[in-house]
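Below is one structure; the comments refer to it alone.
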Amino acid sequence: MGEFEKVMCANRGEIAVRVFRACRELGIKTVAAYSEADKNSLAVKMSDESYCIGAPMPTESYLNIPKIIETAKQADVDAIHPGYGFLAESIDFARACESEGIKFIGPHSKAISKMGVKDVAKATVMKNKVPTVPGSKGVIESAAEGLTLAKEMGFPVIIKAAYGGGGKGMRVVWKEEEFVSNFEAAQREGAVAFAHPEVYLEKFIIDPRHIEVQVLCDEHGHAVHFGERDCSIQRRNQKLIEEAPSPALINNPELQDEIRDAGVRAAVAADYTSAGTVEFIYKDGKFYFMEMNTRIQVEHCVSEMVTNTDILRKQIEVAMGRKLDVTQDDIKINGHAMECRINAEDPLNDFIPTPGTVSTYEAPGGPGIRVDSAAFNGFQISPFYDSMIAKLIVWDEDRNKCITRVRRALDEFVIKGVKTTVDLHKRMMENPDFVSGNFDTGYMARSKFVEKMKQRIQDEKAAELARREAEGFGNAKLAAIAAAIATQMKKGGSVAAKPEEGGVGNIWGLAGRLDLMDLKSKRRM
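Per the working numbering, the sequence shown starts with residue -3, numbered consecutively.
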């Protein structure tokens, strides 16, 4: 297509800001497509042009393909960046862009069709000798067919929506008698969330690690990886913390190379172009292909930090038809990086979203600290969209130093007005298992991390209350002494005089009586 003059981002929040910054550095004009709820957003303020595409409901704005295409044509853009979420992995959206001569900054719709449908993706990567989890060869047509296969493989099994993603449309089945109800539930979830009820079946690997490989492929047959990321700290299949490289592989460079190379082979098998992520599950020294995210990931930043590469900018360059300007040998993994997702959620109340107004927003800074966010003082967190406020990304020379720096950054992070997950991340950074790298995708639930966090907070509050009560009793003692001194001085007495001369001695007697009262009180306790 050639060089872009103007790019629209069909997304919102921090990823829209991220796209616009990359475009500015490339000398490309930017267009914001926003919903009514985002009219005062940072992305709108940063863009060269902005157009309202509909009401706050995603189906009326960020998921409204005809309106987005109409607006793109009105703005006369060369390309659309979909960001992540919403339409980022939509075959229909990619095809709509292609049919209108608008470049979709992502893979071609043919690659999405190969990797976006999970059972098709599995068959695709197997051609390039990428290991996969045992399971069905395609979509399961009926609960009876699925149950027969599940019995052959042995329980537990996992039922997955063929068009699923983001942890939705997945059901783990532990017993035969639970299969049919879960099969039907997975079909319903797939139909509601992805407009496709098709499901497939896999053997369920209990509590593996989630390790993914960041890849980038151009339109000239070149493909590279930017190392792996570990995303095993999850809650209900939603990632909370990501890091690179994986602590599970740091001392096993041979296996590290194997999984990274498998990621590239998977992308090549799909004739993939653009940035993407190949996800694996890993346990007991073996890894298996799980799926490919045909878009830029939320956590791409940690790979950028350890390779000193702007992956998103290179994604745009590749979309313009440029050749990759790096080879695999050029890409070096240096140090360690972590990302904490700072969400407007209440961890102590089942992570319920906490929309509202951010009254104070102060991001941390200093060496090795990066914050990707669209928040500011007065920022409105909408109930219509994802609850993420910011991504805290931290780099240092090794993992231990990185954790120390994350702690410091979290201590500096100030967000007032809504409840957030900052405190959860602080406590995770102090957790011995996390610090030692001894965790997997089941860790949060198995260790009852949130439940223990609640109890610790209650204990801390009780201790603080006891301390304040103790201080309050001491202050009352001092107040009584001060009042007695003031009364004595009003009578003309001297605080330095002897007791028999009407001085302060009787006040010290009062202090003694208060001490005695304190002692008796403690004995009763």
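For every residue, glycine included, the Cβ atom is placed at its ideal position computed from N, Cα and C. Quantities reported herein were computed from a predicted structural model and do not represent experimental measurements.
Which of the three DSSP states is assigned to residue i in this structure?
i	result
residue 521	With a pLDDT of only 46 at residue 521, under the threshold of 50, the placement of this residue in the model should not be trusted; the figure read from the coordinates follows. Residue state, collapsed to three classes: coil.
residue 36	coil
residue 232	coil
residue 225	strand
residue 384	strand
residue 13	helix
residue 109	helix
residue 146	helix
residue 332	strand
residue 267	coil
residue 2	strand
residue 306	coil
residue 89	helix
residue 50	strand
residue 399	helix
residue 392	strand
residue 428	helix
Excluding the 5 residues preceding and the 5 following residue i in the sequence, name in chain order all residues of the same chain whose CB lies nearer than 6 Å to its CB.
i	result
residue 126	258, 261, 262, 285
residue 9	370
residue 433	243
In terms of alpha-carbon separation, which member of the options lies closest to residue i?
i	options	result
residue 572	353, 239, 292, 184	The question about residue 572 has no answer here: the residues shown for the chain are numbered -3 through 521.
residue 66	336, 333, 47, 198	47
residue 450	344, 323, 196	344
residue 412	288, 248, 354	354
residue 408	372, 455, 357, 179	357
residue 440	229, 362, 107, 207	229
residue 98	7, 2, 134	2
residue 389	361, 138, 173	361
residue 374	23, 268, 103, 414	414
In the DSSP assignment, find the unbroken beta strand (DSSP E) run with residue i in it and report its ends.
i	result
residue 316	No beta strand (DSSP E) holds residue 316; DSSP gives it neither H nor E.
residue 27	25 to 31
residue 366	365 to 369
residue 168	166 to 169
residue 153	153 to 157
residue 199	195 to 199
residue 357	356 to 358
residue 205	205 to 213
Would you kindly report the start and end of the unbroken alpha helix (DSSP H) that includes residue i?
i	result
residue 64	61 to 71
residue 177	175 to 190
residue 303	296 to 303
residue 116	114 to 122
Using a Cβ-Cβ cutoff of less than 7 Å, which residues in the same chain neighbour residue i once the five nearest sequence positions on both sides are dropped?
i	result
residue 122	128
residue 131	196, 197, 198, 199
residue 190	157, 159, 160, 165
residue 25	1, 2, 44
residue 178	155, 167, 169
residue 114	156, 158, 160, 196, 287
residue 447	none
residue 322	220
Can you name, in chain order, every residue of its own chain whose Cβ lies under 8 Å from the Cβ of residue i, other than the five neighbours on each side?
i	result
residue 282	127
residue 32	48, 50, 51, 52, 57
So what does residue i bridge to, in DSSP terms?
i	result
residue 283	278
residue 77	5
residue 375	354
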